[in-house]
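First the structure, in the form of structure tokens, and then the observations on it.
Protein chains: 2
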Amino acid sequence: MIKSVAIQGVKGSFHHIVSEQYFGNQMHVKECLTFDATVENLLAKKVDAVIMALENSIAGSIIPNYALIDSHNLHIVGEQYLDIQHNLMALPNQDIADITEVHSHPMALLQCKEFFKKYPHIKLIEDKDTAEVAQRIHKNNLKNVGAIASVLAADIFELNILAKSIQTIKLNETRFVIVKRENHEFPESEINKASVKFELEHKRGSLATILNVMSDCKLSLTKIQSLPKIETPWSYAFFVDVTFDDYEDYKKAKSILKIMAQDFKILGEYKNAKLQ
Amino acid sequence: MIKSVAIQGVKGSFHHIVSEQYFGNQMHVKECLTFDATVENLLAKKVDAVIMALENSIAGSIIPNYALIDSHNLHIVGEQYLDIQHNLMALPNQDIADITEVHSHPMALLQCKEFFKKYPHIKLIEDKDTAEVAQRIHKNNLKNVGAIASVLAADIFELNILAKSIQTIKLNETRFVIVKRENHEFPESEINKASVKFELEHKRGSLATILNVMSDCKLSLTKIQSLPKIETPWSYAFFVDVTFDDYEDYKKAKSILKIMAQDFKILGEYKNAKLQ
Numbered sequence: 001m002i003k004s005v006a007i008q009g010v011k012g013s014f015h016h017i018v019s020e021q022y023f024g025n026q027m028h029v030k031e032c033l034t035f036d037a038t039v040e041n042l043l044a045k046k047v048d049a050v051i052m053a054l055e056n057s058i059a060g061s062i063i064p065n066y067a068l069i070d071s072h073n074l075h076i077v078g079e080q081y082l083d084i085q086h087n088l089m090a091l092p093n094q095d096i097a098d099i100t101e102v103h104s105h106p107m108a109l110l111q112c113k114e115f116f117k118k119y120p121h122i123k124l125i126e127d128k129d130t131a132e133v134a135q136r137i138h139k140n141n142l143k144n145v146g147a148i149a150s151v152l153a154a155d156i157f158e159l160n161i162l163a164k165s166i167q168t169i170k171l172n173e174t175r176f177v178i179v180k181r182e183n184h185e186f187p188e189s190e191i192n193k194a195s196v197k198f199e200l201e202h203k204r205g206s207l208a209t210i211l212n213v214m215s216d217c218k219l220s221l222t223k224i225q226s227l228p229k230i231e232t233p234w235s236y237a238f239f240v241d242v243t244f245d246d247y248e249d250y251k252k253a254k255s256i257l258k259i260m261a262q263d264f265k266i267l268g269e270y271k272n273a274k275l276q
Numbered sequence: 277m278i279k280s281v282a283i284q285g286v287k288g289s290f291h292h293i294v295s296e297q298y299f300g301n302q303m304h305v306k307e308c309l310t311f312d313a314t315v316e317n318l319l320a321k322k323v324d325a326v327i328m329a330l331e332n333s334i335a336g337s338i339i340p341n342y343a344l345i346d347s348h349n350l351h352i353v354g355e356q357y358l359d360i361q362h363n364l365m366a367l368p369n370q371d372i373a374d375i376t377e378v379h380s381h382p383m384a385l386l387q388c389k390e391f392f393k394k395y396p397h398i399k400l401i402e403d404k405d406t407a408e409v410a411q412r413i414h415k416n417n418l419k420n421v422g423a424i425a426s427v428l429a430a431d432i433f434e435l436n437i438l439a440k441s442i443q444t445i446k447l448n449e450t451r452f453v454i455v456k457r458e459n460h461e462f463p464e465s466e467i468n469k470a471s472v473k474f475e476l477e478h479k480r481g482s483l484a485t486i487l488n489v490m491s492d493c494k495l496s497l498t499k500i501q502s503l504p505k506i507e508t509p510w511s512y513a514f515f516v517d518v519t520f521d522d523y524e525d526y527k528k529a530k531s532i533l534k535i536m537a538q539d540f541k542i543l544g545e546y547k548n549a550k551l552q
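These protein sequences, in sequence, are chains A and B.
Numbering-wise, this note's numbering puts 160 at position 160 of the first sequence, and it's gapless, one number per residue.
In short: position in the second sequence from 1, add 276, done, that's this note's numbering.
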């Protein structure tokens, strides 16, 4: 039984929302300033699981988080999608004309910069976390300062939402994974998605050969990403997500790919969170 | 003839180094605060080309820059690789013990955070650009403040390097592209690399089929990246780089892929900057 989970950010952050959606609200939530710190807590057995953003539809994969999972041999045991909506918030009784500074995470500021072009009097300042700014405004009763954060953060820290969904690209889906020290906890019959990593030399057709095996074994690709291995020129690492109907098909593909690809590694086997 | 180029950052930034390596030092360099601003300058014909970081070996692809090239129908006409080395620098006669704050770009701070664990008295503060901080230290004679930037920045702004190559991962290769409004300027015989984009529906084996065509036409993959198209669920965009020996082989692949893949688009045809 999972009792505690580490998140990047404070309560009210998007990682916190994902934790509540996946585990419910009875979980002990350990707030961490960085993704590294969440993993340190997991390795030290201070928490049972970590929630980690892994990719989003605007910025793509968060490669350092893949590296954290890979280098510490952690396991992805689940996934959750969240449509991230950014809201401008401040102390009650403040109007948008009163706001002179907005502090938030660089990614949030980037996604909302079009909105702020209409308000040139507002200075945008980079900060560590979206919800932590909301917390600080509440705690220190900071007037003239705005935060960009979730509706949950506005609720928790009693702030007033001045503008809803202010990010430029309205659909802003982010994929989060649930990461543990141990392997999957579900019976094989319930597993229909896997994240794998393998390496290939720069040889014409080498990737096509691997994808042909996957296709022959009835696996469908939902993600592929190559990363050059700079310490070995002309060698590539591939991160691939596949979905399947029958675990036996996947098992067969695994046994072939272990022979065909270098350093074939399973990062996680879990339930697909997207209904097909 | 290219006479002016827009870079993200100020002189002494890594984009400036790439500009000097690619075009020499006779070019008029337009300093821009954001990648968006570089593209605005290009579209307004205020510059002839833009230098843009596109991926690095630590963080992966810079997807928003792919989106800038794609959405404005710009063309990649060249590429350049740079091994980014971060150096800690300050005013002359300052020792590392004198430094109380280091300001730099969030990515530079992230890549160097291990180094600063040995110096807990130093506060790390996020800033817009690496070289711009070096410029500010020089201009305002800022004592006790350090910058993380290139050797070129230390030279230009007369700062003293306190520690060399302080990033955790010593090999830190970044790929930059040269972007123009018009298509390639080289004869076809000199072109041996291309960046293409296409879309596929979520159908088993659809990507393998495309890669088989590429392999049959003697194209080698050097990069592949899928991005889900969230406005059309179960549809994916793929960004692929290929190298080839003979432009005719590539031409044949192009004509087949235009029929097989949806929205097949060429982002650029250029000379491979890596010797094989």
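Backbone N, C-alpha and C fix where the C-beta goes; we use that ideal spot for every residue, glycine too.
What you are looking at is a predicted structure, and each value in this text was computed from that prediction instead of being measured.
Buried or exposed for residue 462 of chain B, please, with buried defined as at least 16 other CB atoms from any protein chain shown within 10 angstroms of its CB. exposed
Mind checking who residue 473 of chain B pairs with in its DSSP beta bridge? B/515, B/541
In this structure, does DSSP put residue 8 of chain A in helix, strand or coil? strand
Threshold first: 3 residues or longer. Then list the beta strand (DSSP E) segments lying entirely within the segment 376 to 409 of chain B, N to C. 377 to 380, 399 to 402
So, is residue 459 of chain B buried or exposed, given that buried needs 16 or more other C-beta atoms within 10 angstroms? exposed
Outcome for residue 227 of chain A when other beta-carbon atoms lying within 10 angstroms are tallied against a minimum of 16: buried
So what does DSSP say about residue 65 of chain A, is it helix, strand or coil? helix
Where do the ends of the beta strand (DSSP E) carrying residue 47 of chain A lie? Careful: residue 47 of chain A lies outside any beta strand (DSSP E) and carries neither H nor E.
Quick check: is the beta carbon of residue 268 of chain A nearer than 9 Å to any beta carbon in chain B? Among the residues facing chain B, residue 268 of chain A is not included, as its CB has no counterpart in that chain under 9 Å away.
By a C-beta neighbour count over all protein chains shown, 10 Å radius and 16 as the cutoff for buried, is residue 373 of chain B buried or exposed? exposed
Along the alpha helix (DSSP H) that carries residue 554 of chain B, what are the first and last residues, could you check? Past the boundaries of the shown model lies residue 554 of chain B; chain B is included only from 277 to 552, so the question cannot be answered.
How many Å lie between residue 306 of chain B and residue 380 of chain B at the Cα? 21 Å
Is the CB of residue 351 of chain B under 9 Å away from at least one CB in chain C? Looking for chain C here will not work: the only protein chains present are A and B.
Answer yes or no: do residue 153 of chain A and residue 52 of chain A have a C-beta to C-beta separation smaller than 9 Å? no
Of all the residues that make up the segment 491 to 520 of chain B, which are near chain A by a beta-carbon distance shorter than 7 Å? 491, 494, 496, 497, 499, 500, 501, 502, 503, 504, 506, 507
Can you tell which of B/490, B/281, B/309 has its C-alpha closest to the C-alpha of residue 527 of chain B? B/490
Would you tell me roughly how many angstroms separate the C-alpha atoms of residue 22 of chain A and residue 16 of chain A, rounded to the nearest one? 10 Å
If you drop the 5 nearest sequence neighbours on each side, which residues of the same chain put their C-beta closer than 6 Å to that of residue 350 of chain B? 455
Pull the bridge partners of residue 351 of chain B from the DSSP assignment, please. B/456
Considering residue 496 of chain B, what are the terminal residues of the beta strand (DSSP E) in which it resides? 496 to 504
Could you run through the segment 121 to 143 of chain A and flag, in chain order, every residue whose CB is less than 7 Å away from some CB of chain B? 126
Best match in B/518, B/451, B/501, B/337 for proximity to residue 492 of chain B [C-alpha to C-alpha]: It is B/518 whose Cα lies nearest to the Cα of residue 492 of chain B.
Which of helix, strand or coil DSSP assigns to residue 31 of chain A: strand
Name the DSSP bridge partner or partners of residue 523 of chain B? Answer by DSSP bridge pairing: none, since residue 523 of chain B is not bridged.
If the cut is a Cβ gap below 9 Å, which residues of chain B does residue 204 of chain A touch? 490, 491, 494, 495, 496, 497
Just to confirm before moving on: does the CB-CB distance between residue 26 of chain A and residue 112 of chain A stay below 9 Å? no
Residue 333 of chain B and residue 450 of chain B closer than 9 Å at C-beta: yes
Would you kindly work out how many angstroms separate the C-alpha atoms of residue 277 of chain B and residue 223 of chain A, rounded to a whole number? Residue 277 of chain B and residue 223 of chain A: Cα-Cα distance of roughly 41 Å.
Spatially closest choice to residue 496 of chain B from B/513, B/478, B/523, by CA coordinates: B/523
Check whether the Cβ of residue 330 of chain B lies closer than 9 Å to any Cβ atom in chain A. no
Is it true that the CB of residue 544 of chain B sits closer than 9 Å to the CB of residue 471 of chain B? yes
Start and end residues, alpha helix (DSSP H) containing residue 214 of chain A: Looking at the DSSP string, the run of the alpha helix (DSSP H) that includes residue 214 of chain A is 206 to 216.
Are the beta-carbon atoms of residue 249 of chain A and residue 198 of chain A separated by less than 9 Å? No. Outside cutoff.
Please list the terminal residues of the continuous beta strand (DSSP E) segment that includes residue 161 of chain A. 160 to 163
Mind checking if residue 108 of chain A is an interface residue toward chain B, Cβ cutoff 9 Å exclusive? no
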